[in-house]
Amino acid sequence: MTKRVLSVGQCLPDASALSRFLNKHFEVQIEEADVEQDTLQKLKDTAYDLVMINRKLDADYSDGIELMQKIKNTPDVKPCTLMLVSNYVEYQEQAVGVGAAYGIGKNEYRDPETVARLQPYLG
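Here the UniProt record's numbering is used: position 97 in the sequence shown is 97, and no number is missing along the way.
Have a look at this one:
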């Protein structure tokens, strides 16, 4: 069964790398959002199995963890799992602190642990 993923705030090279990684290991349909308003609208309109948010959104450099908090506090958003895309452990821990699942780093696409971490959501 195809899983739906919303990728938020990735630059073009990172979006491509993430898409290749996810499609290699899982049966997924990936959509993208660049900024907060677009993200919230998509989350109101569509159910996603996983929402992967960059630590700093490329389009406006806004904070991904703050966006996670807004998503959690927006009543019309369909239920979804949030995950931060960041290589920094301290930001992963902050994201978990606001209700996200522990995410993945951009340098971890070749690590089997990364696939295992995503398996419960996309497998």
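Even for Gly, the Cβ is constructed at its ideal location relative to N, Cα and C.
In terms of Cβ geometry, leucine 57 and valine 5 do not form a close pair [threshold 8 Å]. When DSSP states are grouped into helix, strand and coil, glutamate 108 belongs to the coil group. The three-state reading of DSSP puts valine 77 in coil, since its state is none of H, G, I, E or B.
CA-CA distance, threonine 46 to lysine 78, rounds to 7 Å. Listed as beta-bridge partners of alanine 15 by DSSP are no residues whatsoever. The beta carbon of tyrosine 88 sits closer than 8 Å to those of Arg55 and Gly105, all from its chain and outside the five residues before and after it, given in chain order. Under the DSSP assignment, methionine 52 falls in the beta strand (DSSP E) whose first and last residues are 50-54.
Secondary-structure assignment with DSSP links isoleucine 30 through a beta bridge to Val5.
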